[in-house]
Structure formats: C-alpha cells, structure tokens
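In UniProt numbering, the protein residues as written are 1 to 200.
Glycine included, each C-beta is placed from N, C-alpha and C at the ideal position.
The block underneath contains the structure these notes are about, expressed in structure tokens.
Structure below.
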C-alpha cells in the first residue's frame, strides 16, 4: 500500500486522479493499493442521497460537484484532512460493511491517540463526539474496488457547514479537533497515516 500526500488540491484535480487510479485498479486488481491524502480548497460535494432541502444557501463562488459516492452533501476545505483510498477490497478480505467500519475505526483510533473520545451512531455513517460530528464517510465501490473515502475535521471553518445540512443530519452539529485540543493538522496527518497502515 502506498500513501501519497497531495497537499492542498482543487477537488476536480483530486477526483480526476482518483478516477484514473480506480480505472487502472479495475483493469488489474493486483496493482498496489493507493491512499491519497489531501486538503481541498473550499468545495461542496453532493452524494447519491442528497435532497434539495439539504442545500440551504450555498455561496455562488464555491463550486459544487455531484459525485458517485454514497451519502448526502458535505463541505471540504482547508483545515480538514480528506483521505481517498483506492483499494481492492477482495484482496484485503473486506466486505463493504467491514470496509466502511474500518474507515470509521481509523478515525476513531486517530482521535483516541490525540485524546478525543469518539464513537459510532447506529444507522448513521461517520464518527461522532459529544460536541458533534467530526468524521464523514462517502464511498463508491464497483467490482470490489473502492474510491472516494472519508474526511476528518481538524480546524476547518465551520461556517461553511451552516449553508447545508451536512450528510442530511440536521439534529447534530459539526465540530473540530481544535474544539477539544490544541493540535496542528500536520501532526494529525502523521497519526492518521499510522492508523491507516495499522488497520489495513
């Protein structure tokens, strides 16, 4: 498994790279699994379950992409780590359910090492804390190859989430790691990469 840190990217560029890796993996599942790690410039993405009422008042100057992943609308921006695994699930003996569970577990273990207690909520994908939702998941799987992935809030500007219903969940706010501890995003990335390797 190879981990590639892309730095800050425009969503369209990262999506194009994901799709290229995804198509290569569909053609040859023996190719090395790739984990892309990035921060995006401000962008909204709409998944397959997005409903009109989930979109409140998105600013006209922020791009919106409708993508193939599961889930509803979310925001990506600086201060949020976005992880895109392009992996062959069968090669890792993972079902779709176990794969999503593993992505959640990576975030939970990362947060635990930082000193933040987090947990799952039944029938709601992602990772939650006592102060709100902190980790978000939306994946696309075809012929046992997965892409898209998850995002974890470190110190993202939460104002951007006020213009949507994040993941279609209206009764739970969004939070950051910095609501709990003083930590920088590069330190979180180091811990996250360690947890990705341990769990995969």
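What are the boundary residues of the alpha helix (DSSP H) that includes residue i?
i, result
"residue 41", "Counting along the chain, residue 41 falls outside any alpha helix (DSSP H), and DSSP gives it neither H nor E."
"residue 22", "11-27"
"residue 100", "96-114"
"residue 197", "185-199"
In the DSSP assignment, find the unbroken beta strand (DSSP E) run with residue i in it and report its ends.
i, result
"residue 153", "145-153"
"residue 142", "132-142"
"residue 173", "No beta strand (DSSP E) contains residue 173, which DSSP labels as neither H nor E."
"residue 76", "73-76"
"residue 127", "124-129"
"residue 58", "Element bounds for residue 58: n/a, residue is neither H nor E."
"residue 81", "80-88"
From residue i to residue j, what distance separates their C-alpha atoms?
i, j, result
"residue 67", "residue 182", "34 Å"
"residue 138", "residue 96", "12 Å"
"residue 114", "residue 185", "12 Å"
"residue 59", "residue 146", "31 Å"
"residue 129", "residue 154", "13 Å"
"residue 234", "residue 133", "Residue 234 falls outside the range modelled here, since the chain spans only 1 to 200, and no answer is possible."
"residue 98", "residue 5", "25 Å"
"residue 195", "residue 125", "19 Å"
"residue 26", "residue 16", "15 Å"
Under the assumption that residue i contacts residue j (Cβ atoms under 8 Å), give the Cβ distance between them as a whole number of angstroms.
i, j, result
"residue 22", "residue 92", "Actually they are not in contact, since the Cβ atoms of residue 22 and residue 92 sit about 16 Å apart, beyond 8 Å."
"residue 179", "residue 131", "5 Å"
"residue 1", "residue 28", "No, residue 1 and residue 28 are not in contact; Cβ-Cβ is about 16 Å, not under 8 Å."
"residue 14", "residue 31", "With 8 Å as the limit, residue 14 and residue 31 do not qualify as a contact, their Cβ atoms being about 19 Å apart."
Count the CB pairs spanning the segment 40-50 and the segment 3-19 that are closer than 8 Å, and state whether there are at least three. Note that the segment 40-50 touches the segment 3-19; at least 3 beta-carbon pairs, one per stretch, sit closer than 8 Å.
Decide yes or no for the touch test of the segment 99-118 against the segment 149-167: beta carbon pairs closer than 8 Å, at least 3 of them. In this structure the segment 99-118 touches the segment 149-167; the number of beta carbon pairs closer than 8 Å is three or more.
Check whether the segment 79-87 touches the segment 56-65, counting contact only when three or more Cβ pairs, one atom from each stretch, lie closer than 8 Å. By the Cβ criterion, the segment 79-87 is not in contact with the segment 56-65, since fewer than three pairs of Cβ atoms, one from each stretch, lie closer than 8 Å.
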